[in-house]
Amino acid sequence: MTNTARPARPMNPVIILLGILLLATLMTWLVGSGSYERAGRLIVPDSYAPMGKDWSLTGVFVPVEAREGMATPVSLTETLRAIPEGLQRAANLIFMVLIIGGLFGILDRAGVVENGINRLLHAVKGNVMVLVAALMTIFSAGSAFLGLASEYLIVIPVMTALAMRIGLSPIIGFAIVTIAVKVGYLASVTNPIPLTIAQPLVGVPIFSGAGLRLAFYAVFLAAGIGFLLYRVRGMTNGQAITVSDHPVPDMSWREGAMLAILVIGIGIILTGSTRWSWSHHELSACYIAMSLALAFASGLTPNDSADAFISGMKKVLLASALIGVAMAVTVVLEDGRILDTIVHALNGAVGEHGSYITALSMFGSQLLLDFLIPSTSGQAAVTMPILAPLAQLADVGPQTTVIAFLFGNGITNMLTPTSGTLLAYLAAGRIDWLDWAKFIAPLWAGFIVIASILLGIAVWLGA
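Anchor point for the sequence shown: position 177 equals 246 in this note's numbering, and the numbering is continuous, going up by one each time.
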């Protein structure tokens with residue numbers, strides 16, 4: 070009898086997130102509680118006050134009612150309750166991801182995706198390297214200048230299908246969009262999402278310092294493109310990728326109508342996001358309208374259209390649910406009243422150690438805090454009121470303080486499994502988080518090194 074080793078299955082991301090959730094619960098038993106005073110969403114600097122905590126072991130399994138002014142660790146019962154609460158908090162993003170999955174189900178059933186990929190490959194005549202660099206530049210510019218992120222969910226399935234069509238792993242197509250978006254947020258040249266919160270809190274005009282961030286954007290973009298092209302060459306053993314000579318059919322009027330609906334819809338979404346401050350509700354409504362219009366233009370019967378929409382939703386159902394489980398981590402930290410304690414400890418560790426060391430310390434604290442507060446605007450509201458006076462004492466310029474925040478937030482968001490946007494991307498591309506982590510880890514580490522060097526340049530320039 071021969072023993073055949075079965076290939077090891079990658080760990081299910083549900084297990085990873087549940088492990089993180091249990092770790093967060095354990096932290097509420099090990100870390101003291103405290104809180105900052107808040108003015109709206111913003112923390113009031115120097116207002117942190119520790120809280121008493123009831124460490125009774127009866128609270129391990131069932132919640133203990135906290136006395137006034139006291140905190141309690143999170144029980145296992147409350148940990149389970151945090152999951153549906155996290156699903157509720159993330160409901161807007163979850164529903165939007167499901168609707169986008171259904172939209173692409175209609176496009177796929179109508180053959181638009183396959184035919185579009187064939188035409189795109191025929192147009193580049195096998196020069197996939199140029200195609201990758203051009204697409205990454207376009208996508209990253211949208212993020213760096215306009216703050217686009219969730220708007221690109223609609224593009225990810227096309228990119229993964231494109232990669233498979235030319236014999237590459239779908240993770241390459243996924244990386245084309247994801248790396249580009251993260252590069253854009255790292256630099257945030259005129260990205261309104263972080264800058265409209267962070268820059269006023271350090272006392273500088275919104276969008277000021279854009280020239281320096283533009284130079285940093287070019288550095289990160291070049292590194293990201295170089296990394297992905299290197300991975301593509303590795304997958305092809307350095308051989309040129311050629312496009313098959315299959316004839317490309319002429320575009321039918323139905324395909325033309327569906328593409329026109331997509332272009333118009335994306336234009337409306339971009340305008341709504343940047344000019345009218347649309348939230349998930351408006352975006353989801355727009356995706357629903359696009360789905361109805363696409364179903365009508367596709368020529369599919371109503372039953373076939375509905376089946377295609379539901380089939381597309383099923384493909385992203387599990388990963389969409391993971392977004393809510395990730396949100397449960399924040400719920401546990403808030404219920405245990407330790408999130409402010411962690412923020413206070415990390416920012417207290419920044420201290421005054423000279424301009425460059427202080428800037429690096431701020432960068433490091435943001436790297437760690439982004440795991441707990443993956444929201445870009447939320448992290449800015451929590452941390453910038455604390456970092457701004459520390460930076461002034463250490464003679465770190467306000468623009469450098471903002472850059473340290475941008476670098477820390479953007480780099481961690483490339484990898485952290487608690488990021489709702491990253492999980493939504495993974496859901497749309499049907500990519501396993503562990504596979505992505507292994508793929509992106511070298512670039513993630515490289516970006517940390519690059520960010521440390523660029524922060525030194527910012528300090529040297531007195532930004």
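Yeah, the Cβ is synthetic: ideal placement off N, Cα and C, and Gly gets one too.
Where does the unbroken beta strand (DSSP E) through Pro-263 begin, and where does it stop?
No beta strand (DSSP E) holds Pro-263; the alpha helix (DSSP H) holding it covers 261-270.
Taking only three categories from DSSP, how would you classify Gly-180?
coil
Gly-368 classed as buried or exposed, judged by whether at least 16 other C-beta atoms fall within 10 angstroms
exposed
With 16 other CB atoms within 10 Å as the buried threshold, where does Ala-151 fall?
buried
Tell me whether Ile-225 is buried or exposed, calling it buried when 16 or more other Cβ atoms sit within 10 Å of its Cβ.
buried
With a CB to CB cut of under 6 Å and the five nearest residues on each side skipped, what residues in its chain are close to Ala-428?
Val-465, Thr-469, Ala-473, Leu-524, Val-528
Would you call the region 372-379 and the region 329-340 touching, i.e. three or more CB-CB distances under 8 Å?
no
Am I right that Gly-489 and Ile-392 are in contact with their C-beta atoms under 8 Å? What's the rounded C-beta distance?
5 Å
Below 8 Å on the Cβ atoms is my guess for Lys-251 versus Gly-479; work out the distance and round it to an integer in Å.
6 Å
Status (buried if at least 16 other CB within 10 Å, exposed otherwise) for Leu-290
buried
Buried or exposed: which applies to Ile-522, given that a residue is buried once 16 or more other Cβ atoms fall within 10 Å of its Cβ?
exposed
Enumerate, from N- to C-terminal direction, the unbroken alpha helix (DSSP H) stretches of 4 or more residues contained entirely within the region 111-144.
none
In the DSSP output, which residue or residues are listed as bridge partners for Gly-170?
Paired residue(s): none; Gly-170 is not in a bridge.
Local Cβ density within 10 Å of Gly-170, reported as buried at 16 or more and exposed below that
buried
Three-state secondary structure (DSSP) of Gly-216
coil
Tell me Ile-277's beta-bridge partners as DSSP assigns them.
Reading off the sequence shown, one finds Ser at residue 277, where the question assumed Ile. None; Ser-277 has no bridge partner.
Do you know how far the Cα of Thr-485 is from the Cα of Ile-294?
21 Å
Considering only their Cβ atoms, is the gap separating Val-385 from Leu-167 smaller than 8 Å?
yes
Got a sec, what are the start and stop residues for the beta strand (DSSP E) Gly-103 sits in?
102-104
Kindly confirm or deny that the region 93-113 and the region 395-405 touch, where touching means at least three C-beta pairs closer than 8 Å.
yes
Quick one: any contact between the region 442-461 and the region 337-355, if contact means 3 or more CB pairs under 8 Å?
no
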